[in-house]
Amino acid sequence: MWEERKQKEIKEVKAKQEGAHGAYAAALEAQEAAKAALVAAEASLAGVTAERAHVQADLEASQAANAKLLEEVEARKAEVGDVTGVADQARQAFMEEVNALMAELRQLQAAHPQSFLCAPPAVAAA
22 MWEERKQKEI KEVKAKQEGA HGAYAAALEA QEAAKAALVA AEASLAGVTA
72 ERAHVQADLE ASQAANAKLL EEVEARKAEV GDVTGVADQA RQAFMEEVNA
122 LMAELRQLQA AHPQSFLCAP PAVAAA
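In terms of this note's numbering, the sequence shown opens at residue 22 and continues consecutively.
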């Protein structure tokens, strides 16, 4: 009986050891799977971080290009404003000259009406 009991205890201990070995093996497998998942996650994080840096660099380059374009647009607006101002001044000077010439022509017509076949045309003031 003692022998049977001892054999039974040995079997129980062996079963527990086998169960513990199985649990240990399963834990090792789970640990390896977790390590593999961690490595994959770190690789993915590195890829995402690199992509983020690339996108950030593209964004900054685009912002710099946009700022440069805006500066160019403002410069062109200033140039157009200057050209428009010069054109307005030239138009005004031209109209003043035309009006002065027309006034002289009217004076000549008033002084020498027989020299003109028709009256000078009216000039619209600008």
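Where is the CB? At the ideal position from N, CA and C, for every residue including glycine. No experiment lies behind these values; they were computed from the predicted model shown.
As assigned by DSSP and simplified to three states, the class of residue i
i      : result
Phe137 : coil
Ala143 : coil
Proximity below 9 Å, CB of residue i to CB of residue j
i      : j      : result
Phe137 : Gln128 : no
Other residues of its chain near residue i: CB distance less than 8 Å, five sequence neighbours each side excluded
i     : result
Leu90 : none
Glu72 : none
Same chain, Cβ closer than 6 Å to residue i, neighbours up to 5 away in sequence not counted
i     : result
Lys35 : none
Residue i beta carbon near the ligand PLP (any heavy atom closer than 8 Å)
i     : result
Ala46 : For the ligand PLP, the structure offers nothing, since it holds no ligand at all.
> Could you give the uninterrupted runs of the beta strand (DSSP E) lying entirely in the region 48-125, keeping only those of 3 residues or more?
Replying inline: none
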